[in-house]
Amino acid sequence: MNFLVLVLSSQLLYYLLIAQTGVVGAFDSHIYDLYTLPIGGMIGTLLSAYWHHHTIQFELYFLFGIQIIISWFYPDYSLGMLFVLGFVVGYTTPLLLYLFGSQSQFQLALGLAISYVIGTALYTYPFSMRGNIALILPLISVVALRFSPFIRIKPSAVKKLDWRVIAMMMGWIFVDSALFETLSRSGDRDIWSHYTLLILTSHLLGVYLAYRYKKSFTSQGWIIWILFILSYILYYFHYSLVLAIVYPLVISYYNVLLFRTLVEIRDIRLIALAMVGVGWIATSAANAVALTHQLWVVVAVLGLFSFAYPFYFRRVS
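Each residue of the sequence shown is one higher than the last, beginning at 31 in our numbering.
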């Protein structure tokens, strides 16, 4: 297996288990204790867009080293340390997506599948006890990076990204994150504790379908929309068993398409600018919606998509 796959998987797991859920859970979702995390993330992402990257491998070693140092203190983070944590995650992600431009679609799907399987298996691990996980993941990244191939992407391979595609990405990330954050705070609907194996299977099925049929991100808008509508209906009517099938399926399916679209840009600056909206603005807005119990905003976004898709998105390649 390509070791770059392990780098991507470990970093996705670090974001999911530590930056996204671990820290937030350890701080009891208090926004005033966490607001520097997304600020650092956006600044780190913007800096990665405009920095002259001469030795990406050295940059990643340095960033993973900072991750290890920060992880040593998990979860006792100050606002300054949360800023650094967000900065490292924000700066690192565009570099990894750029490097994956040299990899096959199978390698990308494999990396996402690994992160979904391990992330689901470890999701119920107590937030305050994830210190070892926080240390192990960047260590895996460092070791795997040492054996990873690096192929410079030729400028002629760069692909532009339409703003409408970014808008669609932000919409799906927002809808997904709002439901994810709501479910993670609903004790009576904790599907990860009760249906772990089923969720694992659904994730793998979603990855397989996205890889097998290789549809474009925008062409699958209606399918993703229907699956998210169904997920919210199942959540509202407490059909947890079926939700544990549908929701992980749509998450993994659209994320494979989304990551593949970003990887194919092959330009760090464009990838980073897209990630500001996709990775930070959309998720931060979703967290605010989930914490304030304003899911009507998600309904409005889904309704807006059903109106806008035929006119603005359907013909985007």
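Just so it is clear, CB atoms sit at the ideal spot from N, CA and C, and this is done for glycine as well.
Here the structure is a predicted model, which means the values were calculated and not measured.
Spatial neighbours of residue i in its chain, beta-carbon cut-off 6 angstroms, leaving aside the 5 residues before and after
i       : result
Leu-156 : First, the residue type needs correcting, since residue 156 is Pro and not Leu in the sequence shown. Around Pro-156: no qualifying Cβ.
Phe-94  : Pro-168, Ser-171, Val-172
Met-199 : Leu-288, Val-308
Trp-310 : Pro-68, Gly-71, Met-72
Leu-165 : Ser-101
Ile-144 : Ser-39
Leu-34  : Ser-178
Tyr-284 : Trp-202, Ile-254
Ser-314 : Pro-68
His-233 : Tyr-146, Pro-278, Ser-282
Residue i - DSSP class collapsed to helix/strand/coil
i       : result
Arg-299 : helix
Thr-51  : coil
Trp-326 : helix
Ser-336 : helix
Glu-211 : helix
Thr-291 : helix
Asn-285 : helix
Asn-32  : coil
Tyr-65  : coil
His-60  : coil
His-83  : coil
His-351 : The requested residue 351 is not part of the displayed model; the chain covers only 31 to 347.
Asp-192 : coil
Tyr-155 : coil
Ser-261 : helix
Pro-278 : helix
Asp-206 : helix
Arg-160 : coil
Own chain, CB closer than 8 angstroms to residue i, minus 5 neighbours either side, in chain order
i       : result
Phe-136 : Tyr-241
Ser-186 : Unreliable positioning characterises Ser-186 in this predicted model, as indicated by a pLDDT of 46, which lies under 50. The coordinate reading is nonetheless provided below. Correct list: empty, nothing qualifies.
Residue j beta carbon less than 7 angstroms from that of residue i
i       : j       : result
Ile-148 : Val-118 : no
Trp-255 : Phe-335 : yes
Phe-57  : Leu-64  : yes
Phe-204 : Ala-312 : yes
Ile-229 : Thr-150 : yes
Gly-141 : Ser-39  : yes
Val-293 : Phe-130 : yes
Gly-251 : Leu-279 : no
Ile-298 : Pro-105 : no
Gly-52  : Arg-219 : no
Same chain only: Cβ atoms within 7 angstroms of residue i, ignoring 5 sequence neighbours per side
i       : result
Ala-208 : Ala-316, Val-319, Ala-320, Leu-325, Val-328
Val-37  : Leu-126, Ser-171, Ala-174, Leu-175, Ser-178
Leu-271 : Tyr-225
Leu-264 : Val-272, Leu-273, Val-276
Leu-239 : Tyr-283
Leu-260 : Val-276
Asp-206 : Ile-281
Gln-133 : Asn-32, Leu-34
Within the chosen definition, does the segment 32 to 52 reach the segment 92 to 109 through at least 3 CB pairs nearer than 8 angstroms? The segment 32 to 52 is in contact with the segment 92 to 109.
Does the segment 76 to 92 come close enough to the segment 298 to 311 to have 3 or more Cβ pairs within less than 8 angstroms? Taking 8 angstroms as the limit for Cβ pairs, the verdict is that the segment 298 to 311 does touch the segment 76 to 92.
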